[in-house]
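Each residue of the sequence shown is one higher than the one before, counting from 5 in our numbering.
One structure below.
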Amino acid sequence: MKKILRRYRTLPIRTRLSLLVAAAVAFAVAAVSVTCWFIVQGKLYDEVDNDLESMVSRALPKEWVEENVLTACPEVPSQTTVFGPRGKGYSQVVKADGTRCVFPNSTGVVKITESDKEVAESPKIKSGTIRNGTDGAGKSVRVLTTALVVEDPSGQYVVQNAAYVVAVPLKGTESTLNDLALILLLVSGIGVVGAGAAGLAVARAGLRPVDKLTDAVEHVARTEDLSIRIPVEDESEDEVARLSRSFNSMTSALASSRDLQQQLIADAGHELRTPLTSLRTNIELLSRSEETGRPIPADDRKALLASVKAQMTELASLIGDLQELSRSDSGQNGGRLQIVDFQETVEAALRRARLRGPELTITSDLQPWYVRSEPSALERAIVNILDNAVKFSPEGGTIEVTLDSGVLTVRDHGPGIPADELPHVFDRFWRSPSARALPGSGLGLSIVARTVQQAGGEVTLTRAEGGGTLATVRLPGATTPPPEMT
């Protein structure tokens with residue numbers, strides 16, 4: 005059985021569907037055929053049984069039975085032939101001792117069984133058994149055994165100590181049943197074959213979209229061409245159509261992801277080229293000074309070393325931002341989401357911001373709020389927002405920070421962002437032309453947007469009234485911690 009199942013699983017799916025359809029139809033046809041055969045058999049046997057009962061519908065005269073049937077086996081008088089079989093039938097009397105008396109108009113002798121003797125030994129007016137038996141020649145017959153009932157001169161019915169046995173041949177009935185069985189077998193075979201062929205045709209038609217999907221997947225695996233799409237009817241809502249739409253969505257998402265990855269690599273290479281070129285130039289100057297023996301003036305050497313240090317810091321920051329961004333893109337933060345005290349996270353970010361802009365005034369009004377996020381990523385995002393505010397605030401300026409009902413606002417009083425640049429502020433490596441001279445990688449706000457989106461919130465940057473920039477972060481949460489934190 006295990007080998008059969010293993011072999012079945014290795015068959016193509018359309019072959020398996022055809023076999024399943026054929027098996028289902030075969031089972032249904034077999035059940036209907038068997039049921040039909042038994043119903044017809046029951047009807048035919050009912051007709052035969054009715055004929056047998058009609059043979060014993062009248063009783064013989066008591067005097068004649070006592071004088072003739074119970075003492076010998078005489079010719080049946082003409083006036084009592086209605087008691088015996090009409091046409092081809094069997095008629096005999098079985099005595100209590102097992103001897104029998106066969107009527108002259110009987111077709112033959114019916115073999116006596118124990119049930120016949122039991123009726124003869126204990127006859128009852130309502131007793132009677134119907135069974136299949138055989139005659140003396142071994143032919144199949146239908147047998148009815150009843151008590152031998154006679155009619156006395158006063159019209160009363162009297163049961164004698166004998167059994168009356170009548171039978172009819174079953175040749176015609178069995179021939180009819182055999183013919184019916186053959187017809188049902190032929191019809192069932194044709195039905196199963198037809199069902200198998202229809203199942204194969206339906207499987208081929210139904211699996212044609214799956215074949216297209218398979219070809220498309222194999223093409224993508226072979227060529228890595230993610231532009232391929234499977235045509236799907238707009239109105240279709242079956243499983244294959246849904247699978248095709250899902251495949252199209254998947255290839256579209258993969259193509260978009262690959263394009264973003266390539267764009268990220270290109271942008272990262274471009275951004276890394278500038279500090280690396282500057283580092284290489286400064287190091288070559290220092291190396292040439294050592295090789296030629298012509299020392300660089302102390303002030304110039306100090307400036308070169310400061311530039312090298314600054315470029316190294318910029319490289320480290322850029323690499324850190326790239327790692328943070330790639331970690332967010334890969335979804336690694338999703339497995340470390342937890343309940344975070346947003347108020348405490350903002351306060352920690354404010355402490356770092358005040359160290360970076362000691363000449364600025366940073367005010368805060370923070371209300372309790374709890375969110376679900378990755379703690380370090382959320383703090384990094386808030387620090388990036390505050391860094392931008394510190395970077396673009398004038399000397400001695402003010403930065404206003406508020407947190408109320410899950411809405412964090414950071415407002416600075418710097419030059420602000422031109423309206424035509426606002427749609428690009430969250431793009432990777434995008435930097436305002438007026439800010440290219442300032443340190444930064446152009447990834448800070450991209451990291452902010454990605455972190456806030458993973459926490460289920462949204463972030464916007466707008467021009468503030470009266471000048472400056474207003475950053476707004478909205479995160480879903482609650483003012484009280486969940487029970488597991490209390």
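Note that CB positions come from ideal geometry on N, CA and C, so glycine has one too.
Keep in mind that this is a model prediction, so the values were computed, not measured.
| Item | Value |
| --- | --- |
| Do you know offhand how far Val80's Cα is from Glu178's? | Here the model assigns Val80 a pLDDT of 42, short of 50, so the residue's position is not dependable, and the following value carries that caveat. Those two C-alpha atoms are separated by around 31 Å. |
| Please state if the CB of Ala141 and the CB of Gly112 are separated by a distance shorter than 8 Å. | yes |
| Comparing alpha-carbon positions, which option in Gln265, Asp263, Val224, Arg277 lies nearest Phe251? | Val224 |
| Taking the beta carbon of Met59 as the centre, do at least 16 other beta carbons fall within 10 Å, making it buried, or is it exposed? | buried |
| Apart from the five residues on each side of it in sequence, which residues of its chain come closer than 6 Å, Cβ to Cβ, to Leu479? | Val375, Gly410, Ala459, Gly461 |
| Looking at the strands, I want to know which residues DSSP matches up with Ile232. | Note: Ile232 sits in no beta bridge, so no partner. |
| When the distance is taken between beta carbons, is Thr138 closer than 8 Å to Ser144? | yes |
| Nearest to Ser368 by alpha carbon, out of Pro379, Ser380, Arg355, Glu378? | Arg355 |
| Can you give me the C-alpha to C-alpha distance between Leu426 and Asp303, rounded to a whole angstrom? | 41 Å |
| Whole angstroms is fine: what's the gap from Gln45's alpha carbon to Leu181's? | 7 Å |
| Any chance the region 119-135 sits against the region 196-206, with 3 or more Cβ pairs inside 8 Å? | no |
| Any idea if Asp514 is buried or exposed, counting beta-carbon neighbours within 10 angstroms, 16 or more meaning buried? | Since the first residue of the chain shown is 5 and the last is 490, residue 514 is not available in this structure. |
| So the candidates are Val312, Pro301, Ser37; which of them puts its Cα closest to the Cα of Asn286? | Val312 |
| Please state the DSSP three-state secondary structure of Ser409. | coil |
| How long is the line joining the alpha carbons of Arg340 and Gly418, rounded to whole angstroms? | 36 Å |
| From Phe430, Pro422, Gly448, pick the residue whose C-alpha is nearest to that of Gly471; which is it? | Pro422 |
| Whose C-alpha, out of Ile232, Val114, Glu241, is nearest the C-alpha of Leu495? | In this structure the chain extends from 5 to 490, so residue 495 is not present and cannot be described. |
| Taking Leu382 and Val344 to be in contact with their CB atoms under 8 Å, please state how far apart those CB atoms are, rounded to whole angstroms. | 6 Å |
| Is Ser96 helix, strand or coil when you go by DSSP? | According to the sequence shown, residue 96 is Gln rather than Ser. Gln96 falls in the strand class under three-state DSSP. |
| Could you spell out the range, first to last residue, of the alpha helix (DSSP H) harbouring Asp120? | 118-125 |
| Give the straight-line distance between the Cα atoms of Tyr161 and Gly176, rounded to the nearest whole angstrom. | 35 Å |
| Within the same chain, show all residues whose beta-carbon is closer than 7 Å to that of Pro213, passing over the 5 residues directly before and after it, in chain order. | Val244, Ser248 |
| Below 8 Å on the Cβ atoms is my contact criterion, and I expect Leu148 with Glu57 to pass it. Report the Cβ-Cβ distance as a whole number of Å. | 7 Å |
| If I follow the unbroken beta strand (DSSP E) through Ile134, where does it start and stop? | 132-138 |
| What is the DSSP secondary structure of Ile300, counted as helix, strand or coil? | coil |
| Can you grab the Cα-Cα spacing for the pair Gln336 / Ser282, in whole Å? | Confidence at Gln336 is low in this model, with a pLDDT of 49, below 50, so its placement is unreliable and the value that follows should be read with caution. One C-alpha to the other measures close to 34 Å. |
| Determine the extent of the beta strand (DSSP E) in which Glu348 is found, giving its start and end residues. | First-last for Glu348: 346-360, but that is the alpha helix (DSSP H), not the beta strand (DSSP E). |
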